[in-house]
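Trainee: This is the structure, below, for whatever I ask next.
In my numbering, the protein residues as written are 15 to 569.
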């Protein structure tokens with residue numbers, strides 16, 4: 015349910031809990047908080063439909079525990095994929111609490127119909143770097159099924175309001191936004207957010223006793239990405255400006271296989287395809303992954319596969335490589351297991367039951383983010399973070415396939431439990447916070463300038479802060495982005511707001527955060543790869559040969 019039109023005209027609104035973002039982290043937190051019928055929960059999302067988020071595009075599935083599985087095995091796989099940077103305690107929380115939440119929240123409460131075997135049992139898939147078959151899926155559109163079920167459940171909760179087409183501009187924090195000058199002596203505390211209404215083109219102050227940042231990732235700051243248009247780094251930029259601690263920002267995971275044809279760029283070809291037997295080939299038909307990861311081949315972790323493809327493309331001038339699935343899987347099984355991929359490729363003239371799929375790597379997942387403790391609390395009081403915008407420590411330097419959806423579910427639930435345990439929440443009075451002012455601003459943002467600046471960010475990040483980084487490239491990126499940020503800040507202050515301009519401001523800040531972290535870390539680890547790295551960590555194929563990681567499938 016969208017907010018009634020009358021509420022859009024107010025300059026300030028109060029709510030017990032404000033949730034920014036409606037992916038699995040935000041939605042699952044709201045569902046848990048709604049159990050207390052006296053607590054008012056407001057979700058704001060920049061999308062026109064609440065189901066639109068990164069969660070919607072998660073094809074592969076969600077991790078749980080398979081039939082011959084255990085918490086210890088899952089933790090071991092997470093830590094191995096994380097290349098020595100995953101936090102063991104966080105991985106243990108995920109493995110311990112996740113499977114029960116999948117059962118209780120997704121299956122029982124939300125009614126997600128995961129695929130089953132002919133005998134009626136849950137069907138577990140296997141993806142890259144997993145040692146067991148433990149991935150639940152709904153065809154190849156798991157995220158879509160999950161978020162649609164969660165939003166449907168939220169619509170039945172009268173104390174949850176979902177406000178669409180509303181873009182968060184900045185977090186409201188004291189002392190920065192406090193009218194009381196004595197607030198300067200208090201610790202930084204979040205009291206909600208300034209939110210731009212795309213319909214009325216006005217900014218409203220949403221005041222809350224607790225704020226959950228669940229605004230997703232930042233793939234759109236790169237030229238090639240599997241992420242939807244809203245993944246611009248909004249949450250990362252807002253939290254950084256508010257003074258929250260950000261860690262591991264150099265670790266941006268690139269998905270090895272996105273569709274590489276006109277009109278299909280950015281469409282994800284799930285790693286579950288390789289989990290089912292698909293093989294990567296050069297355009298002339300040469301299988302190459304055994305050269306980069308002898309033990310695991312096409313099922314090596316994402317960072318290894320993505321860099322291998324990138325190296326083949328650069329070394330030989332290939333525009334893409336090929337993913338052959340038809341040689342390994344019968345046509346009927348392809349159509350049954352991957353209906354979305356099959357339909358999308360057919361619409362672009364590629365019959366994957368007879369032809370290989372042209373693929374290239376693309377920015378896919380942000381492993382770093384806003385630091386949180388085990389309950390999703392950030393370093394700013396009353397501000398929580400969950401989902402891709404947060405860094406709980408689970409993913410380390412390289413995310414294990416299909417763990418992100420589960421992490422959003424687990425920490426969304428944990429944030430809700432922590433907020434509920436606080437009891438009554440204190441919400442700032444409307445008179446304590448200044449209204450948003452745009453007086454004297456009559457000029458609209460020039461869409462050509464916004465588009466050009468966004469393209470500059472994307473190409474700068476792709477070429478200089480991408481799969482392979484160097485000191486010279488990073489220095490160029492920081493210089494170009496810093497100059498661009500000055501121009502964008504001036505542009506932002508002098509023109510009327512719209513969603514694209516807000517996103518541009520967020521994006522350039524997020525890009526600088528990633529580039530600065532990449533420059534600071536002169537070693538190589540996981541998905542942060544520095545050419546000529548000092549004290550570089552072992553390459554993943556070397557770790558594999560040392561039998562420190564497990565084989566397996568990803569989505």
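Just so it is clear, CB atoms sit at the ideal spot from N, CA and C, and this is done for glycine as well.
#1: Who pairs with residue 28 in a beta bridge, going by DSSP?
#2: Please check the pair residue 317 and residue 540, which I expect to be a contact at CB under 8 Å, by giving their CB distance rounded to whole angstroms.
#3: Counting Cβ pairs closer than 8 Å, one from the region 448–460 and one from the region 55–66, do we hit at least three?
#4: Measure the Cβ-Cβ separation of residue 47 and residue 225 and say whether it is below 8 Å.
#5: Quick check on the DSSP output: what are the complete beta strand (DSSP E) runs of length 3 or more inside the region 117–157, in order along the chain?
#6: Does the separation of the CB atoms of residue 75 and residue 151 fall below 8 Å?
#7: Mind reading off the beta-carbon distance from residue 371 to residue 339? Whole number of angstroms is fine, and I expect it under 8 Å.
#8: Indicate whether the contact test is met: 3 or more Cβ pairs, each with one atom in the region 511–524 and one in the region 245–252, closer than 8 Å.
#9: Would you check if there are 3 or more beta carbon pairs closer than 8 Å linking the region 350–359 to the region 213–233?
#10: Ordered along the chain, which non-local residues of its own chain (more than five positions away) have a Cβ less than 7 Å from that of residue 188?
#11: For the alpha helix (DSSP H) containing residue 358, name the first residue and the last one.
#12: Count the other CB atoms within 10 Å of the CB of residue 378; is the residue buried (16 or more) or exposed (fewer)?
#13: Does the region 272–284 touch the region 501–516, meaning 3 or more C-beta pairs lie closer than 8 Å?
#14: Based on the DSSP secondary-structure assignment, which residues constitute the bridge partners of residue 387?
#15: Let me know if residue 465 comes out buried or exposed under the rule of 16 or more other beta-carbons within 10 Å of its beta-carbon.
#16: Could you round the C-beta distance between residue 113 and residue 78 to whole angstroms and report it? I think they count as a contact, below 8 Å.
#17: Bridge partners for residue 542 per DSSP, in chain order?
#18: Pick from 481, 266 and 333: whose alpha carbon is nearest that of residue 274?
#19: If you drop the 5 nearest sequence neighbours on each side, which residues of the same chain put their C-beta closer than 6 Å to that of residue 69?
#20: Take residue 120 as the anchor and find which of 419, 547, 106 and 302 has the nearest alpha-carbon.
#21: Quick check: what's the CA-CA separation for residue 443 versus residue 261?
#22: How about residue 403 and residue 228: do their beta carbons lie closer than 8 Å?
Mentor: Considering the structure as presented:
#1: For this step, residue 28 is matched to residue 14 along the chain shown. 221, per the DSSP bridge assignment.
#2: Locating residue 317 in the chain shown gives position 303, where the first residue counts as 1. Locating residue 540 in the chain shown gives position 526, where the first residue counts as 1. Their Cβ separation, rounded to whole angstroms, is 6 Å, which keeps residue 317 and residue 540 in contact under 8 Å.
#3: no
#4: Here residue 47 is taken as the residue at index 33 of the chain shown, counted from 1. Here residue 225 is taken as the residue at index 211 of the chain shown, counted from 1. In this structure, residue 225 does not lie closer than 8 Å to residue 47 by Cβ.
#5: none
#6: The residue you call residue 75 lines up with position 61 of the chain shown. The residue you call residue 151 lines up with position 137 of the chain shown. Yes; because the gap between Cβ atoms is below 8 Å, this pair is in contact.
#7: Locating residue 371 in the chain shown gives position 357, where the first residue counts as 1. Locating residue 339 in the chain shown gives position 325, where the first residue counts as 1. That belief holds up - the Cβ atoms of residue 371 and residue 339 are roughly 7 Å apart, short of 8 Å.
#8: yes
#9: no
#10: To locate residue 188, count along the chain shown from 1; it is residue 174. Contacts found: 197, 200, 203 and 205.
#11: The residue you call residue 358 lines up with position 344 of the chain shown. From DSSP, the alpha helix (DSSP H) with residue 358 extends over 353–361.
#12: Residue 378 sits at position 364 when you count from the first residue of the chain shown. Per the 10 Å Cβ criterion, buried.
#13: no
#14: As a working note, residue 387 is residue 373 in the chain shown. Looking at the DSSP assignment, residue 387 forms no beta bridge with any residue, so it has no partner.
#15: Indexing the chain shown from 1 puts residue 465 at position 451. Exposed: under 16 other Cβ atoms inside 10 Å.
#16: What you label residue 113 is simply residue 99 of the chain shown in a count that begins at 1. What you label residue 78 is simply residue 64 of the chain shown in a count that begins at 1. About 4 Å; that satisfies the 8 Å criterion.
#17: Taking the chain shown and counting its residues from 1, one reaches residue 542 at position 528. 539, per the DSSP bridge assignment.
#18: The residue given as residue 274 occupies position 260 in the chain shown. It is 333.
#19: Stepping through the chain shown from its first residue, residue 69 is reached at position 55. For residue 69, where only same-chain residues beyond five positions count, the Cβ hits under 6 Å are 37, 38, 157 and 161.
#20: To locate residue 120, count along the chain shown from 1; it is residue 106. The candidate whose alpha carbon is nearest that of residue 120 is 419.
#21: Sequence index remark: in the chain shown, residue 443 carries index 429 (1-based). Sequence index remark: in the chain shown, residue 261 carries index 247 (1-based). Using only the alpha carbons, I get a separation of about 33 Å.
#22: To locate residue 403, count along the chain shown from 1; it is residue 389. To locate residue 228, count along the chain shown from 1; it is residue 214. Cβ atoms of residue 403 and residue 228: closer than 8 Å.
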